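Here is the structure we will look at, set down as structure tokens.
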Amino acid sequence: MTSFDPVTSDETFDSRAVIDKWIGVWDRLGTFAVDRLTGDGDQGERRYVVSMFSYPSGDLHMGHAEVYSISDAMARYARMRGFDTLFPVGWDSFGLPAENAAFKRGMDPRDWTYANIETQADSFRRLGVSFDWRTRLHTSDPEYYRWNQWLFLRLFERGLAYRADATVNWCPNDQTVLANEQVIAGRCERCGAHVVKRALTQWFFKITDYAQRLLDDMAQLEDGWPSEILTMQRNWIGRSEGAYIDFAISERDEPVRVFTTRPDTLFGATFFVVAFDAPLAAELCAPDRKEEFDAYVRQASAATDIERLATDRTKTGVFLGRYAINPASGERIPVYASDYVLATYGTGAVMAVPAHDQRDLDFARALGIPVRTVVDTGGEDPERTGIATDGAGVLVASGRFTGQPNTEAGAAIVADLAERGIGEHAVTYRLRDWLLSRQRYWGTPIPIIHCGDCGQVPVPDDQLPVRLPDSGYELRPSSGRSPLASAEEWVAVPCPRCGGPARRDTDTMDTFVDSSWYFLRYPNPNFTGGPFDPAGIARWLPIDEYIGGKEHATGHLLYARFLTKALHDMGLLPFTEPMTRLTNQGQVLMDGKAMSKSLGNLVDLQDQIRQFGPDAVRVTMIFAGPPEDDVDWADVSPQGAVKWLARVWRLACDIGSAAGASAPAQASAAVRRGVHEVIAKTTELMEGKRLNVAIAQLMQLTNLLRKAVDTGPGPADPVVREGVEALVRMMSCFAPFTAEEAWERLGHAPSVSDADWPTADPALLERDTTTCIVQLDGKLRDRLQVPTDIGETALQELALASEPLVNALAGRAVAKVIVRAPKLVNIVTKR
Numbered sequence: 001m002t003s004f005d006p007v008t009s010d011e012t013f014d015s016r017a018v019i020d021k022w023i024g025v026w027d028r029l030g031t032f033a034v035d036r037l038t039g040d041g042d043q044g045e046r047r048y049v050v051s052m053f054s055y056p057s058g059d060l061h062m063g064h065a066e067v068y069s070i071s072d073a074m075a076r077y078a079r080m081r082g083f084d085t086l087f088p089v090g091w092d093s094f095g096l097p098a099e100n101a102a103f104k105r106g107m108d109p110r111d112w113t114y115a116n117i118e119t120q121a122d123s124f125r126r127l128g129v130s131f132d133w134r135t136r137l138h139t140s141d142p143e144y145y146r147w148n149q150w151l152f153l154r155l156f157e158r159g160l161a162y163r164a165d166a167t168v169n170w171c172p173n174d175q176t177v178l179a180n181e182q183v184i185a186g187r188c189e190r191c192g193a194h195v196v197k198r199a200l201t202q203w204f205f206k207i208t209d210y211a212q213r214l215l216d217d218m219a220q221l222e223d224g225w226p227s228e229i230l231t232m233q234r235n236w237i238g239r240s241e242g243a244y245i246d247f248a249i250s251e252r253d254e255p256v257r258v259f260t261t262r263p264d265t266l267f268g269a270t271f272f273v274v275a276f277d278a279p280l281a282a283e284l285c286a287p288d289r290k291e292e293f294d295a296y297v298r299q300a301s302a303a304t305d306i307e308r309l310a311t312d313r314t315k316t317g318v319f320l321g322r323y324a325i326n327p328a329s330g331e332r333i334p335v336y337a338s339d340y341v342l343a344t345y346g347t348g349a350v351m352a353v354p355a356h357d358q359r360d361l362d363f364a365r366a367l368g369i370p371v372r373t374v375v376d377t378g379g380e381d382p383e384r385t386g387i388a389t390d391g392a393g394v395l396v397a398s399g400r401f402t403g404q405p406n407t408e409a410g411a412a413i414v415a416d417l418a419e420r421g422i423g424e425h426a427v428t429y430r431l432r433d434w435l436l437s438r439q440r441y442w443g444t445p446i447p448i449i450h451c452g453d454c455g456q457v458p459v460p461d462d463q464l465p466v467r468l469p470d471s472g473y474e475l476r477p478s479s480g481r482s483p484l485a486s487a488e489e490w491v492a493v494p495c496p497r498c499g500g501p502a503r504r505d506t507d508t509m510d511t512f513v514d515s516s517w518y519f520l521r522y523p524n525p526n527f528t529g530g531p532f533d534p535a536g537i538a539r540w541l542p543i544d545e546y547i548g549g550k551e552h553a554t555g556h557l558l559y560a561r562f563l564t565k566a567l568h569d570m571g572l573l574p575f576t577e578p579m580t581r582l583t584n585q586g587q588v589l590m591d592g593k594a595m596s597k598s599l600g601n602l603v604d605l606q607d608q609i610r611q612f613g614p615d616a617v618r619v620t621m622i623f624a625g626p627p628e629d630d631v632d633w634a635d636v637s638p639q640g641a642v643k644w645l646a647r648v649w650r651l652a653c654d655i656g657s658a659a660g661a662s663a664p665a666q667a668s669a670a671v672r673r674g675v676h677e678v679i680a681k682t683t684e685l686m687e688g689k690r691l692n693v694a695i696a697q698l699m700q701l702t703n704l705l706r707k708a709v710d711t712g713p714g715p716a717d718p719v720v721r722e723g724v725e726a727l728v729r730m731m732s733c734f735a736p737f738t739a740e741e742a743w744e745r746l747g748h749a750p751s752v753s754d755a756d757w758p759t760a761d762p763a764l765l766e767r768d769t770t771t772c773i774v775q776l777d778g779k780l781r782d783r784l785q786v787p788t789d790i791g792e793t794a795l796q797e798l799a800l801a802s803e804p805l806v807n808a809l810a811g812r813a814v815a816k817v818i819v820r821a822p823k824l825v826n827i828v829t830k831r
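Residue numbering for the sequence shown is 1 to 831, as defined by full-length UniProt numbering.
Listed below in structure tokens is the structure:
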């Protein structure tokens with residue numbers, strides 16, 4: 001027990017003054033270190049809580065403060081509930097931003113990266129994040145990227161890593177290739193430059209082999225992942241069921257195969273379209289049309305893929321001087337090149353049925369091509385209305401299939417084509433293979449050696465890691481080639497097979513490779529027998545709580561799922577999904593816009609911590625709304641959190657210094673009931689990750705206890721002490737420094753994190769209840785079960801926290817709240 005002098009009336013609490021004190025205590029006691037990271041023995045139920053790891057582009061920013069405040073609250077809660085909790089820390093430390101920053105400063109990327117890592121590590125500590133620092137890893141360490149290379153080679157052996165010529169997204173500013181997922185509205189997600197197409201030989205992971213499994217295994221995630229993320233992944237994978245159909249082309253020996261989801265409309269195909277930037281378009285172009293085709297290519301190349309697919313965009317194209325043969329009718333139909341078809345869709349060619357596809361119809365009307373209705377849906381003639389019909393109906397003008405329902409005729413037409421050897425049923429996916437090679441220096445070297453005699457030769461495992469050269473390279477070569485290609489002494493090596501002269505591959509891996517498996521290594525980051533320790537996998541994986549931004553839905557999260565399945569198929573993992581539950585945090589905005597240097601609206605996290613203290617910043621972030629909502633820093637103020645934290649601290653001081661006294665039993669019973677009701681509600685809210693409402697409950701409990709101290713039963717009453725101790729334990733998830741100080745003031749040895757989460761007494765929760773109607777502008781929005789003796793203030797707080805009400809309110813301003821306890825709350829909005 002620690003004793004303190006009584007608090008004077010003018011003494012205040014400043015969490016900034018105790019940061020170093022508690023960091024030292026936590027380090028000395030190993031407060032957040034799991035007893036056993038791996039191994040056998042009697043181990044309790046576990047919780048593996050992981051935040052998407054940080055990129056060290058500078059110090060932590062406001063977005064970091066949000067995601068790590070949320071994840072730290074979850075980790076601390078799990079510990080106090082008695083779970084063995086692993087909460088690791090690492091850095092996604094390879095990548096283009098560090099390389100660009102180093103280039104601008106004339107530095108080695110290593111120096112820039114590791115200096116930022118140390119800065120962020122110190123900031124994590126000062127923010128009070130309860131990492132187990134023994135798990136620390138950096139993806140730019142050779143000890144880590146050695147296993148990147150090892151995993152690449154295992155995929156290469158199975159045909160899941162391959163090199164091929166491809167038209168790729170090229171960022172002319174960053175001088176590197178981008179994956180489709182890294183191109184946002186036609187621009188580089190890193191620098192914002194317009195992306196262009198370029199033909200290069202690149203390395204790919206064959207993620208398309210897992211397209212259907214990625215879809216099917218979402219059944220494992222339905223209860224733990226946000227439905228929005230699963231929908232985004234389904235749309236990105238883009239499964240389509242239909243048919244492959246072969247079209248003969250005039251003056252070409254081989255037919256062109258197209259994919260269509262509407263084989264029932266084959267008789268209505270009146271023209272054929274090839275993506276202007278597909279190799280097939282140049283191949284099919286007749287000599288006398290080449291000049292016009294080349295001019296069209298120059299014109300169309302300026303548009304992005306998103307612009308090309310826009311439904312309201314004027315359709316353009318050029319006749320290639322060739323004809324295709326409709327395999328159903330035998331009719332010759334003209335072949336066009338256009339920008340409304342993408343080279344990456346199917347074969348880059350489509351059969352165009354203008355009566356039943358709006359984009360085809362817009363193109364046909366623009367170029368005067370005939371429109372033929374072949375499915376009678378009961379609607380008006382598309383040629384006259386300009387609106388394509390795509391519903392169910394009966395086939396017309398479709399040969400022997402006329403009169404059949406189109407839902408049945410499609411299969412019959414495909415069967416006929418298959419019998420003739422010119423078509424078949426097919427399933428395709430929008431998903432494309434993962435393009436992973438980058439023409440940059442600061443990344444994992446690809447462990448392949450190119451030999452004139454032996455071809456592509458894997459670097460032997462005992463020669464891994466292939467380390468980045470420390471010197472002899474140009475960080476930004478003027479030729480646009482990879483920086484590693486300029487390191488001649490590093491590039492020229494003997495072939496591992498024949499011993500003849502050979503050359504290393506000079507591309508590096510995209511950082512998405514690093515982040516697709518890092519969470520597997522956390523339990524034992526120093527393991528040398530493989531990329532991850534099997535004992536650590538058995539103990540901690542899959543992840544119980546994964547926290548990060550939804551912008552990673554079709555990049556990192558999809559890649560991590562793919563690699564997990566591939567590793568499972570190799571017998572290296574016992575599960576097929578890496579994360580059981582996923583929480584997405586929103587953005588931190590300023591005046592409605594994302595914070596950025598260019599907008600001049602950055603808020604410096606360290607300035608906020610210096611001004612208000614880390615606890616106030618954390619509480620403000622979480623209290624601003626549900627984890628998935630955006631936080632506009634212009635609309636919140638840490639000052640309110642500062643005041644609440646000071647009130648809790650003063651409560652602890654009052655209780656800690658109070659002498660023994662008696663109090664009326666009735667008053668004590670009412671306080672105890674109130675305390676246990678808050679414990680029960682807060683526990684339920686924490687389980688549901690409704691962290692902002694949990695803080696609201698703790699603030700309500702603070703009011704209850706303050707009143708109990710000031711007006712009875714008084715600070716010395718055991719019930720009041722029980723309540724304050726419960727309050728301090730629960731608030732430690734959100735405000736650890738304040739909670740530690742308050743716990744010490746209450747006479748307990750550190751750390752409050754070692755205390756159990758309080759448990760509500762079920763007997764105290766049994767109360768007469770009634771149904772309260774919650775209305776918004778007179779319209780029913782929710783029904784709440786509330787105690788019959790609930791007060792107006794408490795009822796109003798419950799109503800305003802109702803999720804259906806909050807969703808219906810949608811940010812509208814509240815004019816007044818009408819409370820008729822316990823039966824009605826009506827919220828009236830401003831008109």
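Each residue gets a CB set at the ideal place from its N, CA and C atoms; glycine is no exception.
Predicted, not measured: the structure shown is a model, and the values here were computed from it.
{"Query": "Measuring CB atoms only, is the segment 599-613 touching the segment 630-646, in the sense that at least three cross pairs come out at less than 8 Å?", "Result": "yes"}
{"Query": "Beta carbon of residue 545, beta carbon of residue 581: below 9 Å?", "Result": "yes"}
{"Query": "Does DSSP classify residue 331 as helix, strand or coil?", "Result": "coil"}
{"Query": "Let me know if residue 392 comes out buried or exposed under the rule of 16 or more other beta-carbons within 10 Å of its beta-carbon.", "Result": "exposed"}
{"Query": "Tell me whether residue 407 sits in a helix, a strand or coil according to DSSP, three-state version.", "Result": "helix"}
{"Query": "Which residues in the same chain as residue 10 place their Cβ atom closer than 6 Å to its Cβ, once the five residues preceding and following it in sequence are excluded?", "Result": "Residue placement at residue 10 is flagged as unreliable, the pLDDT there being 43, under the threshold of 50; a coordinate-derived value is accordingly withheld."}
{"Query": "Based on Cα-Cα distance, which residue from 101, 826 and 737 lies nearest to residue 816?", "Result": "826"}
{"Query": "Mark residue 370 as exposed unless 16 or more other C-beta atoms lie within 10 angstroms of its C-beta, in which case mark it buried.", "Result": "exposed"}
{"Query": "Looking at residue 631 and residue 588, is the spacing between their C-beta atoms short of 9 Å?", "Result": "yes"}
{"Query": "Suppose you measure from the CA of residue 15 to the CA of residue 635; what does that come to, to the nearest Å?", "Result": "23 Å"}
{"Query": "Taking only three categories from DSSP, how would you classify residue 144?", "Result": "helix"}
{"Query": "Residue 543 lies in the beta strand (DSSP E); which residues open and close that run?", "Result": "From DSSP, residue 543 is part of no beta strand (DSSP E); its letter is neither H nor E."}
{"Query": "Answer yes or no: do residue 337 and residue 281 have a C-beta to C-beta separation smaller than 9 Å?", "Result": "yes"}
{"Query": "For the candidate residues 350, 601, 286 and 416, whose alpha-carbon lies nearest to that of residue 321?", "Result": "286"}
{"Query": "Distance, Cα to Cα, residue 385 vs residue 365?", "Result": "11 Å"}
{"Query": "Buried or exposed: residue 538, going by 16 or more other Cβ atoms within 10 Å of its Cβ?", "Result": "exposed"}
{"Query": "Are the CB atoms of residue 854 and residue 641 nearer to each other than 9 Å?", "Result": "Residue 854 lies beyond the residue range present for the chain, which begins at 1 and ends at 831; the question has no answer from this structure."}
{"Query": "Residues in its own chain within less than 8 Å of residue 4 by CB, not counting five upstream and five downstream?", "Result": "For residue 4, the predicted model reports a pLDDT of 40, less than 50, meaning its position is unreliable and no value from the coordinates is stated."}
{"Query": "Is it the case that the segment 102-109 contacts the segment 157-172, given that we only count it when at least three CB pairs across the two stretches are under 8 Å?", "Result": "no"}
{"Query": "In chain order, what are the residue ranges of uninterrupted beta strand (DSSP E) at least 3 long that sit wholly in the segment 792-828?", "Result": "814-820"}
{"Query": "What residue range is occupied by the uninterrupted alpha helix (DSSP H) comprising residue 775?", "Result": "Note, residue 775: premise wrong, no alpha helix (DSSP H); beta strand (DSSP E) at 769-776."}
{"Query": "Take the Cβ of residue 212 as the centre, count every other Cβ of all protein chains shown within 10 Å, and call the residue buried at 16 or more, exposed below.", "Result": "exposed"}
{"Query": "Return yes when the C-beta of residue 536 is under 8 Å from any heavy atom of the ligand ZN, and no when it is not.", "Result": "Looking at this structure, you won't find the ligand ZN or any other ligand, since it has none at all."}
{"Query": "Taking C-beta to C-beta, are residue 133 and residue 531 nearer than 9 Å?", "Result": "no"}
{"Query": "Within 10 angstroms of the Cβ of residue 254, are there 16 or more other Cβ atoms? Answer buried if so, exposed if not.", "Result": "exposed"}
{"Query": "Can you name the start and end residues of the alpha helix (DSSP H) that residue 132 belongs to?", "Result": "Run containing residue 132: none; DSSP gives neither H nor E here."}
{"Query": "Tell me whether the beta-carbon of residue 444 lies closer than 9 Å to the beta-carbon of residue 94.", "Result": "yes"}
{"Query": "With three or more C-beta pairs closer than 8 Å as the rule, is the segment 264-275 touching the segment 372-387?", "Result": "yes"}
{"Query": "Roughly how many angstroms separate the alpha carbons of residue 115 and residue 185, rounded to a whole number?", "Result": "34 Å"}
{"Query": "Measuring CB to CB, does residue 318 end up less than 9 Å from residue 289?", "Result": "yes"}
{"Query": "Answer yes if the segment 237-248 comes into contact with the segment 218-225, meaning at least three C-beta pairs across the two stretches below 8 Å, and no otherwise.", "Result": "no"}
{"Query": "Please name the residue or residues paired with residue 443 in a DSSP beta bridge.", "Result": "Paired residues: none, contrary to the question."}
{"Query": "Taking C-alpha atoms, which residue in 333, 730, 251 and 520 lies nearest to residue 567?", "Result": "520"}
{"Query": "Measure the beta-carbon distance from residue 586 to residue 52 and round it to whole angstroms, keeping in mind my assumption that it falls under 8 Å.", "Result": "Wrong, their Cβ atoms sit about 14 Å apart, outside the cutoff."}
{"Query": "From residue 813 to residue 731, what does the alpha carbon distance come to, in whole angstroms?", "Result": "29 Å"}
{"Query": "How is residue 386 classed by DSSP in three states: helix, strand or coil?", "Result": "coil"}
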